[in-house]
Amino acid sequence: MDHKDKLETVFAWQQKFNQKVREERHLDFDQSTWIQKMGLALMVELGEVMEEAQYKWWKNTKPIDVAKLHEELVDVFHFFISMCLDAGLDAEGLYNGYMEKNRENFRRQEGLSAKPGYAVSEPNSFE
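Counting from 5, one number per residue, gives the positions in the sequence shown under our numbering.
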């Protein structure tokens, strides 16, 4: 199974889970509300990632529980995929969008993009 197939599998399983939860819990929101709900859940899960990563510099740190950190990252991924689904973005669309944006990010870093301000060594604008 290639990476694209794995991503399609993730999307399919998340779609099944979302449908089951929404049907069994009688949840019927419009697209905008679902995206807002998923965005909020995503932010909460990102907060949990930060907690696991020991972001509080004012506290005594403890070793990061890598397994718990990974679990929180997977939770973030679940809500991100749900948000994609609610926005009408499927696995192929996400993959293609990612690949195009990644190419553009490389072009920006190399100073080859039409969008200025990203290149590692920009031409001096004072010359």
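Even glycine gets a Cβ: it sits at the ideal position worked out from N, Cα and C.
Residue i classed as buried or exposed, judged by whether at least 16 other C-beta atoms fall within 10 angstroms
| i | result |
| --- | --- |
| residue 118 | exposed |
| residue 82 | buried |
| residue 76 | buried |
| residue 68 | exposed |
| residue 125 | exposed |
| residue 44 | exposed |
| residue 98 | buried |
Cutoff 8 Å; reference residue i; Cβ partners in own chain excluding five residues on either side
| i | result |
| --- | --- |
| residue 130 | In this prediction, residue 130 scores a pLDDT of 49, lower than 50, which makes its location untrustworthy; the coordinate-derived value is nonetheless stated afterwards. If we look at residue 130 and ignore the five residues flanking it on each side, it has no Cβ neighbours. |
| residue 85 | 14, 15 and 18 |
| residue 41 | 33 |
| residue 59 | none |
| residue 91 | 35 and 39 |
Close Cβ partners of residue i (< 7 Å) along its chain, the five nearest in sequence each way excluded
| i | result |
| --- | --- |
| residue 94 | 15 |
| residue 19 | 89 |
| residue 37 | none |
| residue 108 | 117 |
Contact under 8 Å by Cβ, residue i with residue j
| i | j | result |
| --- | --- | --- |
| residue 46 | residue 25 | no |
| residue 102 | residue 112 | no |
| residue 39 | residue 5 | no |
Residues of its chain near residue i, where Cβ-Cβ distance is below 6 Å and the 5 sequence neighbours each way are ignored
| i | result |
| --- | --- |
| residue 115 | 123 |
| residue 27 | none |
| residue 61 | none |
Legend entry - contact_flag[the stretch 67 to 77, the stretch 48 to 55] where n(CB pairs < 8 Å) is 3 or more: Counting Cβ pairs under 8 Å, three or more are found: they touch.
Legend entry - Length-filtered (4 minimum) alpha helix (DSSP H) runs lying within the stretch 20 to 68: 35 to 56
Legend entry - Continuous alpha helix (DSSP H) assignments of at least 4 residues falling wholly in the stretch 95 to 124: Correct list: 95 to 113.
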